[in-house]
Each structure stands twice: as C-alpha cells, then as structure tokens.
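Chemist: Quick one: this structure, given as structure tokens, is what I'll be asking you about.
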Amino acid sequence: MFQSPLLFIFYALLTAITTAWIIQRWFPSSQESGRYQSIDGLRGYLAFSVFLHHTYCWRVYLQKGQWQIPESRLFAGLGAHSVMLFFMITGFLFFSKLKDSKRQSINWFHFYQGRLLRLGPVYLLAISFLFLLVAFLSQGELHDSFFSVTTQCVNWVLFTLYEAPYINQVHDTLLILAGVTWTLVYEWLFYSMLPLIGFLFFKVNVPRVVLILATGLSISIAATHYVDYVLIAAFLMGLPAVYLVKKSEFKLFARSKLATLIILGCYGAAISLRNPNPLTTLLLLSIVFTLIALGNDIFGLLTRSFSLFLGQCTYVIYLFHGFFIYVVFKFLLGFDKTKYLSDTAYGLVIVSCVLPLLILCSCIHHFIELPSIRLHKKQNVMTRKKRLNISTLLKINRTLTKKYN
Numbered sequence: 276m277f278q279s280p281l282l283f284i285f286y287a288l289l290t291a292i293t294t295a296w297i298i299q300r301w302f303p304s305s306q307e308s309g310r311y312q313s314i315d316g317l318r319g320y321l322a323f324s325v326f327l328h329h330t331y332c333w334r335v336y337l338q339k340g341q342w343q344i345p346e347s348r349l350f351a352g353l354g355a356h357s358v359m360l361f362f363m364i365t366g367f368l369f370f371s372k373l374k375d376s377k378r379q380s381i382n383w384f385h386f387y388q389g390r391l392l393r394l395g396p397v398y399l400l401a402i403s404f405l406f407l408l409v410a411f412l413s414q415g416e417l418h419d420s421f422f423s424v425t426t427q428c429v430n431w432v433l434f435t436l437y438e439a440p441y442i443n444q445v446h447d448t449l450l451i452l453a454g455v456t457w458t459l460v461y462e463w464l465f466y467s468m469l470p471l472i473g474f475l476f477f478k479v480n481v482p483r484v485v486l487i488l489a490t491g492l493s494i495s496i497a498a499t500h501y502v503d504y505v506l507i508a509a510f511l512m513g514l515p516a517v518y519l520v521k522k523s524e525f526k527l528f529a530r531s532k533l534a535t536l537i538i539l540g541c542y543g544a545a546i547s548l549r550n551p552n553p554l555t556t557l558l559l560l561s562i563v564f565t566l567i568a569l570g571n572d573i574f575g576l577l578t579r580s581f582s583l584f585l586g587q588c589t590y591v592i593y594l595f596h597g598f599f600i601y602v603v604f605k606f607l608l609g610f611d612k613t614k615y616l617s618d619t620a621y622g623l624v625i626v627s628c629v630l631p632l633l634i635l636c637s638c639i640h641h642f643i644e645l646p647s648i649r650l651h652k653k654q655n656v657m658t659r660k661k662r663l664n665i666s667t668l669l670k671i672n673r674t675l676t677k678k679y680n
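In terms of our numbering, the sequence shown opens at residue 276 and continues consecutively.
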C-alpha cells in the first residue's frame with residue numbers, strides 16, 4: 276500500500292505527538308492520571324494505532340470495494356494487537372477492583388452507573404453524528420418503514436449489543452464509524468460477567484438480583500453474537516498482572532532496560548510472525564502488557580505529558596476517527612478522487628488529518644467526556660461520605676448503648 280509504511284507511521288506518530296504536546300501545553304487537562312501511568316500513556320497509542328489500521332482498510336476499500344483485514348502484517352497488527360491490549364487493560368483494572376473488594380466492597384449500582392457515564396455521553400454523541408449523516412445520505416426520505424428505522428436506531432443506541440444494522444438501507448452505516456462498536460459489545464459482555472466471576476473466584480458479596488440480571492445479560496449477548504474466545508482470553512490475561520503488581524521484585528525488573536527490550540522484542544515478534552497461532556500472539560502481547568502494567572514506561576515515553584494527554588482522549592479517538600475519515604473522504608475529497616491518489620499523496624492526506632482529528636477529540640474530551648467522569652467521581656465521594664456518616668452514627672449508638680446498659 277504505502278511505499279514506505281514505517282516512514283508513514285513515523286510521520287503520523289510524530290504529528291500526533293507534536294499536536295498532543297502543543298494542545299496539552301495550551302489547554303492542560305485537569306483530569307488526574309490514574310494509579311498506573313504507563314497504562315494511561317499506552318492507551319492513547321493503542322487508539323492511534325487503530326486509526327492507522329483503518330486508514331489501510333479504507334485504502335483497500337476504495338480500490339477494491341471490500342472492507343477487510345489488511346494483508347500487511349504490520350497494519351493488521353496495529354488493529355488486532357491494539358484491541359487485545361485494550362482488553363487486557365480492561366481485565367487488569369476490573370480484576371484489580373474485584374481483588375480489592377475485601378477492603379472496599381463494590382457498590383454494583385454505582386459500578387454500572389459509572390460505566391454508563393464513562394461510555395455513554397461520548398457514544399451518544401458519536402451515533403448522533405451517525406444518524407445525521409445517514410439522514411443526509413438518505414436525503415431525508417424513509418426507505419424502510421418508520422418502525423424498522425426506529426428499531427435500527429435503538430439497536431445502535433444500545434451499543435449494538437444485539438445487532439449493528441444498516442439504518443434506512445444506507446450501506447455506509449458501518450463505514451461511518453469504521454465498525455469500531457463491535458469491541459464495545461465485548462466490553463459490555465465482560466462487564467456483565469464480572470459479578471459472576473467475582474462471586475465464584477474472588478468471594479465477592481454480590482446481591483442476588485445483580486447476579487441474576489448481569490449473568491442473564493451476558494448470556495443474551497453471547498447467544499446473539501459470535502464470541503471469539505481468544506478475545507475473552509485477552510481479558511483474562513490481565514489477571515496475572517493483578518497479583519504481580521504487588522511484588523516489589525517483579526516491579527523492579529519490569530522497570531529495567533532489559534524489560535524494555537523484552538517488550539519491544541515481543542511486540543516485534545507478534546507483528547512479524549507469519550501465520551502466527553492466535554495463542555502465541557496472545558502470550559507475546561500478555562508479556563508486553565504485564566511488564567507495562569508493572570511500571571515499564573518504554574524509556575520514559577509512556578509517562579510523558581503528551582502521552583498521558585493522548586491516553587485521556589483514547590475513547591474519543593477510538594470512536595471518532597472513523598467518522599472523521601469518512602467525512603474527509605466522502606465530502607472533502609470525494610471517494611473517486613481519493614481512490615486514485617498515489618500512495619505518497621494518500622499518506623500525506625492521512626498525516627494532515629491527524630492535527631484536526633486530535634483537536635476535535637480534545638474538544639469532545641474536555642466538554643463531553645470529562646464532565647461525565649467528574650460527575651461520577653463526585654457521586655462516589657458523596658456516597659462514601661454518607662457511608663462514613665452512617666458508620667459513625669452506628670458506632671456512637673453502640674457506644675451509648677453499652678454505656679447506659
């Protein structure tokens with residue numbers, strides 16, 4: 276596809292880093308970084324890798340009319356490997372929550388409310404743009420019945436948990452967001468499995484109603500989708516790091532230069548292997564993830580301010596890059612003109628898209644995503660204060676009862 280793929284990736288990544296550095300210096304985010312800064316920095320690069328992966332998919336689609344996995348092992352890996360690492364991050368963070376539940380019990384209502392507040396606002400904005408584009412492409416006319424179109428839209432509002440249909444017979448529906456919502460189905464499948472996993476393996480106290488409803492949801496999602504168990508295994512590969520992160524000797528090794536070389540070697544092997552066994556790839560990537568989770572920052576790259584900024588915008592970049600590419604190719608350049616661009620010209624178009632894409636994503640993060648995250652944190656603080664007040668009152672009551680009895 277590109278005459279010099281590595282050179283293209285280098286320029287695209289350099290543009291992303293420069294843009295992120297400028298934006299975070301002018302408009303620093305007030306969102307605090309999490310406990311695992313290396314993971315926070317990694318997430319942004321994973322989302323950007325998915326963007327690069329889809330630029331290859333778009334090139335093939337425009338030339339051959341087929342949306343397919345890239346023949347290039349490099350660009351195929353930028354998509355598939357990034358998704359696996361995303362799932363490992365999710366598994367690590369939520370298995371950590373289950374493990375820590377003995378110290379601080381899980382309020383399952385607040386947990387699922389937090390997931391909705393974290394994923395919902397940005398997702399609703401993305402599909403609102405999707406609906407507007409579909410309406411424009413349909414020229415405001417119904418090509419299906421009103422009931423059918425409503426049902427199709429409801430499926431999209433529900434994170435495509437049961438179906439991701441064309442809307443109003445517009446076959447570009449999936450292309451508008453580059454089909455990224457399929458990973459959200461796996462995310463919600465994992466979230467719905469957590470109460471059962473916590474109850475069976477971590478001895479977490481789970482209300483019966485939550486256990487029944489969450490397990491029923493996971494069964495219904497699994498029954499309506501083809502479930503790739505390699506991806507389920509990717510969630511589970513986040514578990515070893517949960518226990519190793521408490522071991523100082525492992526953390527010390529993970530932060531060494533040797534561990535950094537192991538990370539680079541394992542990731543390079545995962546990309547370069549011909550016809551690799553999925554489990555082999557999973558094992559190599561789990562080594563990469565575990566060392567990063569234990570604190571390796573790849574020579575300081577992952578903990579730099581621009582990396583953390585990209586990490587904060589991860590979800591927005593992931594959801595909106597497809598929409599941005601579609602608008603550029605469909606309305607600004609035109610599919611026919613883009614199809615006949617040379618490899619060099621196409622690469623330059625993609626690199627030039629990085630700056631406005633990241634500006635758009637940073638605005639959405641600041642004005643839509645960040646307020647919803649703050650709202651959930653504020654509710655959590657208020658809930659903890661109420662618990663502390665109730666606990667204090669109970670202790671006073673017990674003390675007075677003992678004193679006067």
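We put the beta carbon where it would ideally sit given N, CA and C, even for glycine.
On a predicted model such as this, the values are computed, not experimentally measured, just so you know.
May I have the straight-line CA-CA distance separating Ala-250 from Ser-495, to the nearest angstrom?
Modeler: Examination of residue 250 is not possible in this model, given that the chain is present from 276 through 680 alone.
Chemist: Rounded to the nearest angstrom, how far is the Cβ of Val-517 from that of Lys-374, given a contact under 8 Å?
Modeler: Yes, they are in contact, since the Cβ atoms of Val-517 and Lys-374 sit about 6 Å apart, within 8 Å.
Chemist: Which residue comes first and which comes last in the alpha helix (DSSP H) that contains Phe-595?
Modeler: Taken as a continuous stretch (DSSP letters only), the alpha helix (DSSP H) holding Phe-595 covers 589-602.
Chemist: Pull up the distance between the alpha-carbon of Ile-546 and that of Gly-540, whole angstroms please.
Modeler: Rounded to the nearest angstrom, the two C-alpha atoms are 10 Å apart.
Chemist: Cβ of Ala-439 within 8 Å of any heavy atom in the ligand SAM?
Modeler: The ligand SAM is absent from the structure shown, which contains no ligand whatsoever.
Chemist: For the alpha helix (DSSP H) that Arg-300 lies in, which residues bound it at each end?
Modeler: Unbroken alpha helix (DSSP H) run through Arg-300: 280-301.
Chemist: Could you tell me the distance, in whole angstroms, from the CA atom of Leu-450 to the CA atom of Thr-293?
Modeler: One C-alpha to the other measures close to 28 Å.
Chemist: Starting from the C-beta of Ala-529, find all residues in its chain whose C-beta is less than 7 Å away, skip the five residues before and the five after it, and write them out in chain order.
Modeler: Closer than 7 Å at the Cβ level, and outside the excluded window around Ala-529, lie Leu-566, Leu-569, Gly-570 and Asn-571.
Chemist: How is Ile-648 classed by DSSP in three states: helix, strand or coil?
Modeler: Three-state result, Ile-648: helix.
Chemist: Assuming the contact rule is C-beta atoms closer than 8 Å, Phe-367 and Gly-586 should be a hit. Round their C-beta distance to whole Å, please.
Modeler: Actually they are not in contact, since the Cβ atoms of Phe-367 and Gly-586 sit about 15 Å apart, beyond 8 Å.
Chemist: I need the DSSP call for Ile-507, collapsed to helix, strand or coil.
Modeler: Note: Ile-507 maps to helix in three-state DSSP.
Chemist: Rounding to the nearest angstrom, what Cα-Cα distance links Thr-556 and Met-363 in this structure?
Modeler: Each residue's alpha carbon lies about 13 Å from the other.
Chemist: What's the gap between the Cα of Phe-584 and the Cα of Tyr-590?
Modeler: Their Cα atoms are separated by approximately 12 Å.
Chemist: Which term fits Asn-480, buried or exposed, when burial requires 16 or more other beta carbons within 10 angstroms of its beta carbon?
Modeler: Answer is exposed; the Cβ neighbour count stays below 16.
Chemist: Just checking my contact of Gly-415 with Cys-588 at CB under 8 Å: how many whole Å lie between their CB atoms?
Modeler: So it is not a contact: roughly 33 Å between Cβ atoms.
Chemist: Tell me which residue opens and which closes the alpha helix (DSSP H) that Asn-430 is part of.
Modeler: That run of the alpha helix (DSSP H) goes 421-432.
Chemist: Over what stretch of residues does the alpha helix (DSSP H) that includes Asp-611 continue unbroken?
Modeler: Residues 610-614.
Chemist: Where do the N-terminal and C-terminal ends of the alpha helix (DSSP H) with Val-335 fall, by residue?
Modeler: 312-339 is the extent of the alpha helix (DSSP H) around Val-335.
Chemist: Assuming Leu-632 and Ile-298 make a contact with CB atoms under 8 Å, what is their CB distance in whole Å?
Modeler: Not quite, the Cβ-Cβ distance comes to about 12 Å (not below 8 Å), so this is no contact.
Chemist: For Ile-537, which residues of its own chain have a beta-carbon under 8 Å away from its beta-carbon, when the five flanking residues on both sides are left out?
Modeler: The answer, listed in chain order, is Ile-562 and Leu-566.
Chemist: Looking at Tyr-461 and Phe-510, is the spacing between their C-beta atoms short of 9 Å?
Modeler: Yes.
Chemist: Entirely within the region 523-593 and at least 4 residues each: give me those alpha helix (DSSP H) ranges in chain order.
Modeler: Entirely contained in the region 523-593, the alpha helix (DSSP H) runs reaching 4 residues are, in chain order, 523-529, 532-547, 553-568 and 580-587.
Chemist: Just to confirm the assignment, what range does the alpha helix (DSSP H) spanning Trp-457 have?
Modeler: Unbroken alpha helix (DSSP H) run through Trp-457: 457-476.
Chemist: Spell out a yes or no on whether the region 321-334 and the region 470-479 are touching, meaning 3 or more CB-CB pairs, one atom from each, closer than 8 Å.
Modeler: Too few Cβ pairs lie closer than 8 Å, so no.
Chemist: Once DSSP output is grouped into helix, strand and coil, what is the label at Val-445?
Modeler: Three-state DSSP puts Val-445 in a strand.
Chemist: Quick one: Cα of Tyr-437 to Cα of Thr-499, how far?
Modeler: Using only the alpha carbons, I get a separation of about 6 Å.
Chemist: Whose C-beta lies closer than 8 Å to the C-beta of Leu-400 among residues of the same chain, with five residues either side of it excluded?
Modeler: Once the five neighbours on either side are set aside, the close Cβ partners of Leu-400 are Ile-639 and Ile-643.
Chemist: Work out the CA separation of Leu-635 and Thr-290 for me, nearest whole Å.
Modeler: Cα to Cα, Thr-290 sits roughly 15 Å from Leu-635.
Chemist: Quick one: is Ser-493 buried, meaning 16 or more other Cβ sit within 10 Å of its Cβ, or exposed?
Modeler: By the neighbour-count rule (16 or more Cβ atoms within 10 Å), Ser-493 is buried.
Chemist: What's the gap between the Cα of Lys-605 and the Cα of Ser-413?
Modeler: Whole-angstrom Cα-Cα distance: 14 Å.
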